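First residue of the sequence shown? That's 6 in this note's numbering, and the numbers climb one at a time after it.
Here's the structure, in structure tokens; my notes come after.
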Amino acid sequence: MPADYDGDGKFDVAVYRPSTGVWYWVNSATLTYGGLGFGAPRYTCAGDYDGDGRADQAVFRPSTGQWWLNRSTRGGVTTV
Numbered sequence: 006m007p008a009d010y011d012g013d014g015k016f017d018v019a020v021y022r023p024s025t026g027v028w029y030w031v032n033s034a035t036l037t038y039g040g041l042g043f044g045a046p047r048y049t050c051a052g053d054y055d056g057d058g059r060a061d062q063a064v065f066r067p068s069t070g071q072w073w074l075n076r077s078t079r080g081g082v083t084t085v
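Structure (structure tokens):
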């Protein structure tokens, strides 16, 4: 799921690994990577949901009917 997660104007790459339930991403500015466990999502989409100029990850789980949001600058995962 390419998007600008670090706000440098360049796409960063994020991928989901089903065997672990973890999303991994590479920061294009620092060439470092991170990971975050969302479990088994069904639908994902990236967008600047908090208006900070950086893409955030949103995940929908049909089994619970909940959206989960990982904000790029505030850290942590919250339900929406």
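Glycine included, each C-beta is placed from N, C-alpha and C at the ideal position.
It should be emphasised that the depicted structure is a prediction, and the values quoted were computed from it without experimental measurement.
CB contact check: residue i to chain C, cutoff 7 Å
i          : result
residue 57 : The chain labelled as chain C is not found in the depicted structure, where only one protein chain is given.
Bounding residues of the beta strand (DSSP E) (the contiguous stretch that carries residue i)
i          : result
residue 21 : 18-22
residue 11 : Careful: residue 11 lies outside any beta strand (DSSP E) and carries neither H nor E.
residue 37 : Segment: none, residue 37 is in no beta strand (DSSP E) and carries neither H nor E.
residue 53 : From DSSP, residue 53 is part of no beta strand (DSSP E); its letter is neither H nor E.
residue 66 : 61-66
residue 84 : 82-84
Cutoff 7 Å; reference residue i; Cβ partners in own chain excluding five residues on either side
i          : result
residue 30 : 10, 17, 18, 19, 38, 39
Own chain residues within Cβ distance below 8 Å of residue i, not counting five before or after
i          : result
residue 32 : 10, 11, 17, 38, 39
Residue j beta carbon less than 7 Å from that of residue i
i          : j          : result
residue 66 : residue 78 : no
Residue from the options with nearest C-alpha to residue i
i          : options        : result
residue 81 : 54, 68, 41, 57 : 41
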